[in-house]
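Protein chains in written order, with the working numbering: chain U, 34 to 522; chain P, 34 to 522. Ideal Cβ placement from N, Cα and C applies to all residues, glycine included. Data first, discussion second: the structure below is written as structure tokens.
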């Protein structure tokens, strides 16, 4: 039994930040977490993923080293299993072997009371925490921060329960490299894991119901990513659904059909190449050692007793928050991270955590979501921020756009990294940038320029006068910005 | 004999841009160039340099591939000479084999009259061009653009004329890899070439009179670069001068002495390591196969008849220009590029060329030099923009600074690239950023954020609210920006 100024429910990125920040400011804080302090990101998501992608990227670069003038001959391909074992060893070190001892200690050292267990709200101002032994303890709070994160959506495929499936957590903690892998879902996680496993020799089939990868990004960016993944040997089945799964030895046999939701004919998303998917209306089966489901995540709001405090999730299961990150209609209930359904990234969680921390320590702060970057850490990476063309149209803006292929920059030649494109979206009436979408070498780093430009409302005429170092990839901003500036002057 | 609206003297980056731009706008334009259209950058400077640095960087990464989880074992080191030959083949392709045929055609296709030869002003409105055969032709101009670039400064070392020396042009066009190389000068060019040759197995000694590398950058950045070059096996002799050169076989013997201009004791710039240079007051000699001079460049203003039009270069030999890029005191004489002595980079030349083109085609334009990035393409790269702490102090600002080690970002761990630092310089009174200095992976790309922030005068409180994608290197901006914002609110 404890009485706290603030109870933080869920110890992922958001919960860790906000509890440490509040404790540091002298508030009495409890952090409730049943699994790991730090959440998924450090142990079974971002960090192991970025580690494997780094290993995969370097492996790919080694295969190109002679062409890049680094070696006289292509090195002998070493054993993919041994190399994968090296990648896994590195991954597991970076993921702290999925042990949160250090993170837990870090939280407690700032004065946070760490309550290990499942939290459930029982009435306004109270929560029961059930520990691993089933012991229940009630604690009280003045303010509540809900940061319970999200859980993977399980696709509704007939027979899927009868075969071995991974979620991304398992794909990022398993020591096993399947010889063949079906990735269900062409979003950020599906694309990243398809490439990571593919570059270590797994035969990867990626199945996506929409007719392109990264369905919420600009189509031109999706098309270039599809081209890159196909060049890695990944078999892309776009506009395609898995309609049935049956066991096949220790693996699975999947029946693929044209997607009912797909606008066009199924294909591999590569303009001008032959259709790699099943013919329209036809079924086809593939057999794989392992199935990975990556069809999205949903806010984790069930089973935490929200009804006891009068909070109702929205249709997606998320908690609607105001600008100050308070749950709408509740002065003392706050929410941060994936559970809000807003831009579900670690950086959004951390941002919201800072906003809440400020608001609970006497500084009024609001969250501005106009410029939250969205990044996919494939090679080349995808990075976007702000609105797409369609979203800007829908918002009633006078939309103007300009773009450029990364291959037109001098740096792309000297690096030997020519694939990529930048597309800029602006509002002609306001004369400012409202969106940017990019794919290409280090786009994850140079998207920051667009982020600042959008967040700070920098005028296009000023942006067009910004000088970029020669030769950098970021020079790709210059011609499109001059083009847009000319349209508003 | 020709009569032109504009004669552009010097066909480097600036001259190429401005002549094409003006011809495209319907002006009659002649471009006068004795050597190569495109100048040095594409053939013997930026492009071959960035190509060699890319090859060297990939070669280094291959040696780290097992540690990065990409291979199971370190690949056998291949023959350095054969690998260097591969790098040179790639370099020469990227440098177009130093053949400007394509660039010349590109210029002429826009309607520019290309005059191959040495240009010399004879009176206001006239220039004589002397071709390779010695034939002289007079041409007249209404406006003159001087874009003659710069030439390497030859260090005044006793006996240097008696030994084999390279300038950077030669180091970047030679097929030869010396077994040992003395690099005289620790500026951007010296550091880049020391690393490029060093990573292909040359034994490199870098001699710099100042007590640190990149003397105009922040000392903390210089120190980290010194650490990286030393880790590559480069023997750094800082605070050291070459006082004499004598032939030694086909190579050279150099006498090194503590630099008279150096503030402190000579050393290798690595705090906490033993002094790698000669003892104070002591002489020491080194013997090398090749000497590379890289002690700087000076504006190329002699021998072009400036006196005939009443233009006098300043003390450094440069042409003083106004905001519109006109030579001060001359309404129809313009200057762009290294010859102006302002931020001598290709991107400055191109920027000034655009300003001149606008001014000569009816749009008044001014150049803003507050945020011209300065980049050194070593591994890790160095990138800075705006003012250093000292420059901001000298400008009378109320200087506040904040910095962070790149190794504190999550991405530095997942990439295995932990060396680096960002230092931000702000003016507390105005509440804006005025300078940024960085070293670290992809700093050349993420410096763009600081560039926009400085150029667009974005308030620190807004910058501190900008969200960066997790995990990127650019997250290194966040804690220092929040620190600075807290000081102005």
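Problem set entry | chain U contact for residue 50(P) (CB, 7 Å cutoff) | What you label residue 50(P) is simply residue 17 of the second chain in a count that begins at 1. It does not; no Cβ of chain U falls within 7 Å.
Exercise. What number of angstroms, rounded off, separates the C-alpha of residue 221(P) from the C-alpha of residue 245(P)?
Worked result: Residue mapping note: residue 221(P) aligns to position 188 of the second chain, counting from 1. Residue mapping note: residue 245(P) aligns to position 212 of the second chain, counting from 1. Each residue's alpha carbon lies about 12 Å from the other.
Exercise. Chain P beta carbons: is any one of them nearer than 7 Å to that of residue 230(U)?
Worked result: Locating residue 230(U) in the first chain gives position 197, counting from the first residue. Closer than 7 Å: no.
Exercise. Beta-carbon of residue 466(U) versus every beta-carbon of chain P: anything under 7 Å?
Worked result: Taking the first residue of the first chain as 1, we reach residue 466(U) at position 433. No, its Cβ sits nowhere closer than 7 Å to a Cβ of chain P.
Exercise. Is residue 180(P) helix, strand or coil by DSSP?
Worked result: As a first step, residue 180(P) must be located in the second chain, where it is residue number 147. Reduced to three states, the DSSP call for residue 180(P) is coil.
For this session: Return the residues of the region 376-408 of chain P that lie within a Cβ-Cβ distance of less than 8 Å from chain U, sorted by chain order.
Result: 378, 379, 380, 381, 383, 384, 401, 404, 405, 406, 407 and 408
Exercise. Between residue 367(U) and chain P, is there a C-beta pair that is closer than 7 Å?
Worked result: Mapped onto the first chain, residue 367(U) falls at position 334. No, its Cβ sits nowhere closer than 7 Å to a Cβ of chain P.
For this session: Report yes or no: do three or more beta-carbon pairs, one from the region 497-508 of chain P and one from the region 372-380 of chain U, lie closer than 8 Å?
Result: yes
Exercise. Between the region 480-487 of chain P and the region 411-426 of chain P, are three or more C-beta pairs nearer than 8 Å?
Worked result: yes
Exercise. Residue 506(U) CB to nearest chain P CB: under 7 Å?
Worked result: Within the first chain, numbered from 1, the residue matching residue 506(U) stands at position 473. For residue 506(U), the answer is yes, since a Cβ of chain P falls inside 7 Å of its Cβ.
Problem set entry | Other residues of its chain near residue 297(U): CB distance less than 7 Å, five sequence neighbours each side excluded | Along the first chain, one-based indexing puts residue 297(U) at 264. With a pLDDT of 49 at residue 297(U), under the threshold of 50, the modelled position of that residue is not reliable, and no figure is offered here.
Problem set entry | Minimum length 3: unbroken beta strand (DSSP E) runs contained in the region 320-363 of chain P | 323-326 and 330-332
Problem set entry | Which residues DSSP lists as bridging residue 149(U), in chain order | Looking up residue 149(U) in the first chain gives position 116. Residue 149(U) is bridged to 66(U).
For this session: Give a yes or no on whether the C-beta atoms belonging to residue 111(P) and residue 105(U) are separated by under 7 Å.
Result: Translated into positions along the second chain, residue 111(P) becomes position 78. Translated into positions along the first chain, residue 105(U) becomes position 72. Cβ atoms of residue 111(P) and residue 105(U): closer than 7 Å.
Problem set entry | Under 7 Å by beta carbon: chain P residues contacting residue 258(U) | Here residue 258(U) refers to the residue found at position 225 of the first chain. Result: empty, since nearest Cβ-Cβ is about 16 Å, beyond 7 Å.
Problem set entry | Inside the region 73-109 of chain U only - alpha helix (DSSP H) runs reaching at least 4 residues | 74-77 and 79-97
Exercise. For residue 267(U), does the three-state DSSP call read helix, strand or coil?
Worked result: Counting from 1 along the first chain, the entry for residue 267(U) is found at position 234. Residue state, collapsed to three classes: coil.
Exercise. Residue 72(P) to residue 373(P), Cα distance in whole Å?
Worked result: On the second chain, residue 72(P) is found 39 positions in, with the first residue counted as 1. On the second chain, residue 373(P) is found 340 positions in, with the first residue counted as 1. About 16 Å.
Problem set entry | Reduced DSSP secondary structure (H/G/I, E/B, other) of residue 509(P) | For the purposes of this step, residue 509(P) is taken as residue 476 along the second chain, with counting starting at 1. Residue state, collapsed to three classes: helix.
Problem set entry | Contacting positions in the region 467-490 of chain U - beta carbon closer than 8 Å to chain P | 475, 477, 478, 479, 480, 481, 482, 484, 485, 486, 488 and 489
Exercise. Can you find a C-beta in chain U that's less than 7 Å from the C-beta of residue 311(P)?
Worked result: As a position in the second chain, residue 311(P) is number 278, starting the count at 1. Note that residue 311(P) scores 45 on pLDDT, short of 50, meaning its location in the model is unreliable and no value can be drawn from it.
For this session: Sort 334(P), 287(P), 350(P) and 358(P) by Cα distance to residue 326(P) and report the nearest one.
Result: Residue mapping note: residue 326(P) aligns to position 293 of the second chain, counting from 1. Among 334(P), 287(P), 350(P) and 358(P), the Cα nearest to that of residue 326(P) belongs to 287(P).
Problem set entry | Own chain residues within Cβ distance below 7 Å of residue 520(P), not counting five before or after | Within the second chain, the letter at position 487 stands for residue 520(P). Closer than 7 Å at Cβ, skipping near neighbours: 433 and 461.
For this session: Starting from residue 447(U), find everything on chain P with Cβ-Cβ shorter than 7 Å and list it in chain order.
Result: In the first chain, the residue the question calls residue 447(U) occupies position 414. Residues of chain P passing the Cβ test: 80, 83, 84, 87 and 127.
Problem set entry | Distance CB(residue 239(U))-CB(residue 219(U)) smaller than 7 Å | Residue numbering aside, residue 239(U) sits at position 206 when the first chain is read from its first letter. Residue numbering aside, residue 219(U) sits at position 186 when the first chain is read from its first letter. Yes, the pair counts as a contact, with Cβ atoms nearer than the cut-off.
For this session: Quick one: which residues of the region 88-112 of chain U get their C-beta closer than 7 Å to a C-beta of chain P? List them in chain order.
Result: 88, 91, 92, 94, 95, 98, 99, 101, 102, 103, 104, 105, 106, 108, 111 and 112
For this session: Indicate whether residue 154(U) and residue 342(U) have their beta-carbon atoms separated by less than 7 Å.
Result: Within the first chain, the letter at position 121 stands for residue 154(U). Within the first chain, the letter at position 309 stands for residue 342(U). Yes, they are a contact pair.
For this session: Assign residue 221(P) to one of three DSSP states: helix, strand, or coil.
Result: By one-based count along the second chain, residue 221(P) stands at place 188. It is helical.
For this session: For chain U, find out if any of its Cβ atoms is closer than 7 Å to the Cβ of residue 123(P); answer yes or no.
Result: Against the second chain, residue 123(P) aligns to sequence position 90. At least one chain U Cβ lies under 7 Å of residue 123(P).
For this session: Mind checking which residues open and close the alpha helix (DSSP H) that includes residue 201(U)?
Result: Residue numbering aside, residue 201(U) sits at position 168 when the first chain is read from its first letter. That run of the alpha helix (DSSP H) goes 201-204.
For this session: Answer with buried or exposed for residue 212(U), where buried requires no fewer than 16 other C-beta atoms within 10 angstroms of its C-beta.
Result: Residue 212(U) sits at position 179 when you count from the first residue of the first chain. It counts as exposed.
Exercise. When you compare each of 166(P), 156(P), 94(P) and 236(P) to residue 172(P) by their alpha carbons, which one comes out closest?
Worked result: By one-based count along the second chain, residue 172(P) stands at place 139. Residue 172(P) has its Cα closest to that of 156(P), out of 166(P), 156(P), 94(P) and 236(P).
Exercise. Is there a Cβ from chain U that is less than 7 Å from the Cβ of residue 119(P)?
Worked result: Along the second chain, one-based indexing puts residue 119(P) at 86. Chain U contact via Cβ: present.
Exercise. Which residue's Cα is closest to the Cα of residue 199(P): 215(P), 189(P), 131(P) and 340(P)?
Worked result: Mapped onto the second chain, residue 199(P) falls at position 166. Nearest of 215(P), 189(P), 131(P) and 340(P) to residue 199(P), Cα basis: 215(P).
Problem set entry | Extent of the continuous beta strand (DSSP E) to which residue 366(P) belongs | Indexing the second chain from 1 puts residue 366(P) at position 333. Residue 366(P) -> beta strand (DSSP E) spans 366-368.
Problem set entry | Contacting residues, own chain, Cβ-Cβ under 8 Å from residue 311(U) (five flanking each side not counted) | For the purposes of this step, residue 311(U) is identified with residue 278 of the first chain, where counting begins at 1. Annotation note: pLDDT 45 at residue 311(U) (below 50); position unreliable, coordinate value reported separately. For residue 311(U), where only same-chain residues beyond five positions count, the Cβ hits under 8 Å are 270, 273, 289, 290, 291, 299 and 317.
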